[in-house]
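Heads up: the structure comes next, in structure tokens.
In the UniProt record's numbering, the protein residues as written are 1 to 143.
What follows is the structure, encoded as structure tokens:
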């Protein structure tokens with residue numbers, strides 16, 4: 001399934017991605033909740049933003065990053081209570097890699113922390129890091 005138009009799914013929608021299936025966002029999307037627990041994949045690797053609002057979401061997504069702090073990155077933005085495990089799969093793209101001082105944001109908990117809880121756990125697929133040239137990139141929580 002591919003959504004080439006921004007917000008193709010209504011804000012109050014719920015998306016279920018079945019085992020072995022992939023939803024390619026194709027444009028920025030706001031989705032109330034996603035159930036990808038059955039090993040479905042949400043692919044946001046084309047420079048888009050996926051904003052999730054809801055509880056108990058577990059999503060596997062693709063993200064492209066690299067080239068220092070100025071890198072353009074796909075992002076998973078959460079605006080509500082979160083829970084579950086999310087695996088971030090990083091696509092290989094061209095580039096030699098560069099050091100970062102502030103990092104490259106791929107996941108953002110944008111909800112008001114006084115009203116919502118972020119209990120989601122994020123990890124990189126495979127070995128837990130991505131190598132680009134002389135640099136290894138890992139997920140780091142920014143408080």
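In this text, a Cβ means the ideal position worked out from N, Cα and C, and glycines have one as well.
Straight-line measurement puts the Cα of residue 79 at about 19 Å from the Cα of residue 73. For residue 114, the secondary structure class from DSSP, reduced to helix, strand or coil, is coil. For residue 79, the secondary structure class from DSSP, reduced to helix, strand or coil, is coil.
Of the residues 84, 18 and 68, the one whose Cα lies closest to the Cα of residue 132 is 68. Here residue 129 is exposed. Its C-beta has fewer than 16 other C-beta atoms within 10 Å. Assigned with DSSP and collapsed to three states, residue 138 falls in coil, not helix or strand. The C-alpha of residue 118 lies about 17 Å from the C-alpha of residue 88.
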